[in-house]
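Numbered per our numbering, the sequence shown spans residues 23 to 399.
Each residue gets a CB set at the ideal place from its N, CA and C atoms; glycine is no exception.
Here is the structure we will look at.
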Amino acid sequence: MDTSMPATPVQGSETDFLPLEGTDHIEFYVGNAKQAAHYYRTVLGFQPLAYAGPETGLRDRVSYVLRQQKMQFVFTTSLRSEGDVAEHVHRHGDGIKVIALRVPNSAGAWGETTRRGGRSYMEPKSMVDAHGEVVVSGIHTYGDVVHLFVERKNYTGTFMPGFRPWSTPYFSNEETGLLHVDHCVGNVGWGQMDPWVDFYRDVMGFRNILSFDDSDISTEYSALMSKVMSNGNGYVKFPINEPAAGKKKSQVEEYLDFHNGEGVQHVAMATNDIVSTVKALRSRGMDFLQVPVTYYDELFDRVGEIDEDIEPLKELGILVDRDDEGYLLQLFSKPVEDRPTLFFEIIQRKGAKSFGKGNFKALFEAIEREQGMRGNL
Ligand code: FE2
23 MDTSMPATPV QGSETDFLPL EGTDHIEFYV GNAKQAAHYY RTVLGFQPLA
73 YAGPETGLRD RVSYVLRQQK MQFVFTTSLR SEGDVAEHVH RHGDGIKVIA
123 LRVPNSAGAW GETTRRGGRS YMEPKSMVDA HGEVVVSGIH TYGDVVHLFV
173 ERKNYTGTFM PGFRPWSTPY FSNEETGLLH VDHCVGNVGW GQMDPWVDFY
223 RDVMGFRNIL SFDDSDISTE YSALMSKVMS NGNGYVKFPI NEPAAGKKKS
273 QVEEYLDFHN GEGVQHVAMA TNDIVSTVKA LRSRGMDFLQ VPVTYYDELF
323 DRVGEIDEDI EPLKELGILV DRDDEGYLLQ LFSKPVEDRP TLFFEIIQRK
373 GAKSFGKGNF KALFEAIERE QGMRGNL
């Protein structure tokens with residue numbers, strides 16, 4: 023037998039079966055899209071981009087598309103009591119339905135992932151207008167969340183066919199320095215982290231780049247476990263959390279109770295200047311978790327030299343952590359709806375590729391204080 027001709031490809035010659043160019047957009051299903059869009063514009067500095075509704079031929083829903091740098095957020099509401107949007111909002115409150123990924127070939131992405139066991143949400147669909155073609159397909163992931171595969175290389179219009187450009191001449195607001203989606207975190211049920219880690223590995227070709235067990239992430243009361251999944255080029259990162267047993271209720275369990283099942287816990291948005299971004303967000307009315315001022319007493323002992331002055335970090339409550347490759351600055355908002363569910367992270371990476379493990383304790387104690395005030399601890 024000629025052993026110089028391997029029957030299977032040699033290691034390293036395999037191609038990425040799901041090439042991803044990053045996050046295309048995130049779609050929120052909400053109770054009132056007009057007001058939600060206003061919040062994201064006024065508070066977070068997103069800019070109006072596109073609109074779809076009865077005026078563009080939709081009978082049952084309205085969508086507003088906002089953009090800030092590389093991020094596109096879509097806010098969709100139902101015009102009727104029935105239907106998937108209304109039911110989603112009834113079940114989960116306002117939250118994320120779609121994490122859409124940009125791909126070079128949507129039909130290929132759908133074919134590869136469904137062949138590997140992904141459950142189809144939408145077969146490849148070509149949408150065409152005078153500006154070209156967008157192809158969209160999708161699969162289900164945890165809870166009621168779906169991933170769309172968006173191919174837009176042959177499209178020059180605003181967002182997608184079916185949308186019209188949207189602008190409002192009487193109100194303008196500056197952006198806040200938010201650049202792109204850094205990662206999106208999913209909260210899944212007891213014992214469900216590993217099955218979803220397997221899903222991202224087997225169905226989407228992701229790999230596990232970091233793991234935290236309950237000894238890393240436990241405070242006096244509540245605990246969680248987390249594994250971070252990343253695609254090949256690192257443009258798309260999905261940490262998956264599950265609750266762990268503690269003296270009292272895990273923050274992930276509180277989420278699962280109020281979200282009524284698994285879903286997106288937080289979206290981290292990157293900035294190149296976290297001090298000015300957080301200053302802008304705070305002054306526009308975004309509420310952040312507050313760590314005690316004692317957090318800063320031993321900061322330099324823990325993270326060493328950093329470029330930033332400590333005073334503005336302390337004043338704004340910005341957290342710092344270091345790993346082997348550098349450091350990062352981060353801050354977490356309070357939930358952005360009345361249910362204690364979805365929140366945002368603001369992150370500035372200075373070399374670090376990790377997720378702020380050194381801040382977990384201070385952070386989770388802050389989350390628990392809020393949980394306690396809600397009577398859910
Ligand atoms: Fe995060």
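Beta-carbon proximity list for phenylalanine 185, same chain, < 6 Å, skipping 5 on both sides: To locate residue 185, count along the sequence shown from 1; it is residue 163. The residues are Ala72 and Ala74.
Give a yes or no on contact between the stretch 281-295 and the stretch 361-381, applying the rule of three or more CB pairs nearer than 8 Å. yes
Provide the residue span of the alpha helix (DSSP H) that contains arginine 102, from first to last. For the purposes of this step, residue 102 is identified with residue 80 of the sequence shown, where counting begins at 1. That residue, arginine 102, is in no alpha helix (DSSP H); it is neither H nor E in DSSP.
Using 10 angstroms around the beta-carbon of arginine 141, count the other beta-carbons present and answer buried if the total reaches 16, otherwise exposed. Indexing the sequence shown from 1 puts residue 141 at position 119. Its Cβ having fewer than 16 others within 10 Å, arginine 141 is exposed.
Whole-Å CB distance - leucine 246 paired with valine 274, under 8 Å assumed: Working through the sequence shown from its first residue, we reach residue 246 at position 224. Working through the sequence shown from its first residue, we reach residue 274 at position 252. That belief holds up - the Cβ atoms of leucine 246 and valine 274 are roughly 5 Å apart, short of 8 Å.
Proximity test, Cβ basis, 8 Å: valine 111 and chain C: The question asks about chain C, but that chain is absent: this structure has only one protein chain.
With distance defined between alpha-carbon atoms, name the residue in Asp279, Lys56, Ser233 and Ala55 nearest to glycine 377. Reading the sequence shown from its first residue, position 355 is the one you call residue 377. The amino acid at residue 377 is misidentified as glycine; the sequence shows phenylalanine. Among Asp279, Lys56, Ser233 and Ala55, the Cα nearest to that of phenylalanine 377 is on Ser233.
Using C-beta distances below 7 Å, list every residue in its chain close to arginine 138, excluding the 5 sequence neighbours before and after it, in chain order. In the sequence shown, counting from the first residue as 1, residue 138 sits at position 116. The answer, listed in chain order, is Asp224 and Val225.
Closer than 7 Å to a non-hydrogen atom of the ligand FE2 - does that hold for the CB of glutamate 367? As a working mapping, residue 367 is identified with position 345 in the sequence shown. Yes, the beta carbon of glutamate 367 sits closer than 7 Å to at least one heavy atom of the ligand FE2.
Using 7 Å as the cut-off, classify the Cβ of histidine 288 as near or not near the heavy atoms of the ligand FE2, replying yes or no. Here residue 288 refers to the residue found at position 266 when the sequence shown is read from its first residue. Under cutoff, so the answer is yes.
Bridge partners of threonine 363, per DSSP? One-based indexing of the sequence shown puts residue 363 at position 341. In the DSSP output, where bridge partners are listed per residue, threonine 363 has none listed.
Verify the contact flag: phenylalanine 39, CB atom, against every heavy atom of the ligand FE2, threshold strictly below 7 Å. As a first step, residue 39 must be located in the sequence shown, where it is residue number 17. No; taking the cut-off as 7 Å, the Cβ of phenylalanine 39 has no heavy atom of the ligand FE2 nearer than that.
Between the CA atoms of isoleucine 231 and alanine 29 - distance to the nearest angstrom: Along the sequence shown, one-based indexing puts residue 29 at 7. Along the sequence shown, one-based indexing puts residue 231 at 209. For alanine 29, the predicted structure reports a pLDDT of 44, less than 50, and the residue's modelled location is therefore unreliable. The matter cannot be settled from this model.
Nearest-angstrom Cα distance between glutamate 109 and serine 103? Looking up residue 109 in the sequence shown gives position 87. Looking up residue 103 in the sequence shown gives position 81. Rounded to whole angstroms, glutamate 109 to serine 103 spans 8 Å at the Cα level.
So what does DSSP say about glycine 285, is it helix, strand or coil? Your numbering for residue 285 matches position 263 in the sequence shown. In the structure shown, glycine 285 sits in a strand (DSSP, three-state: E or B).
Could you pull out every unbroken beta strand (DSSP E) segment of at least 3 residues lying fully inside the stretch 181-214, listed in chain order? 200-209
Under the assumption that proline 41 contacts valine 96 (Cβ atoms under 8 Å), give the Cβ distance between them as a whole number of angstroms. Translated into positions along the sequence shown, residue 41 becomes position 19. Translated into positions along the sequence shown, residue 96 becomes position 74. That belief does not hold up - the Cβ atoms of proline 41 and valine 96 are roughly 23 Å apart, past 8 Å.
Exposed or buried, which one is threonine 316 when buried takes at least 16 other CB atoms within 10 Å? Residue numbering aside, residue 316 sits at position 294 when the sequence shown is read from its first letter. The residue is exposed, with fewer than 16 neighbouring Cβ atoms inside 10 Å.
Give a single yes or no on whether phenylalanine 386 has its beta carbon closer than 7 Å to a heavy atom of the ligand FE2. Reading the sequence shown from its first residue, position 364 is the one you call residue 386. No, the Cβ of phenylalanine 386 stays beyond 7 Å of every heavy atom of the ligand FE2.
CB threonine 135 to CB isoleucine 161, shorter than 8 Å? The count along the sequence shown starts at 1 and reaches residue 135 at position 113. The count along the sequence shown starts at 1 and reaches residue 161 at position 139. It is a contact, given that the beta carbons lie within the stated cut-off.
Kindly confirm or deny that the stretch 249-258 and the stretch 306-313 touch, where touching means at least three C-beta pairs closer than 8 Å. At 8 Å Cβ cutoff, the stretches do not touch.
Output yes or no for whether 8 Å exceeds the beta carbon distance between proline 375 and glutamate 330. Along the sequence shown, read from residue 1 onward, the residue named residue 375 stands at position 353. Along the sequence shown, read from residue 1 onward, the residue named residue 330 stands at position 308. The sequence shown places lysine at residue 375, not proline. Taking 8 Å as the Cβ cut-off, lysine 375 and glutamate 330 do not qualify as a contacting pair.
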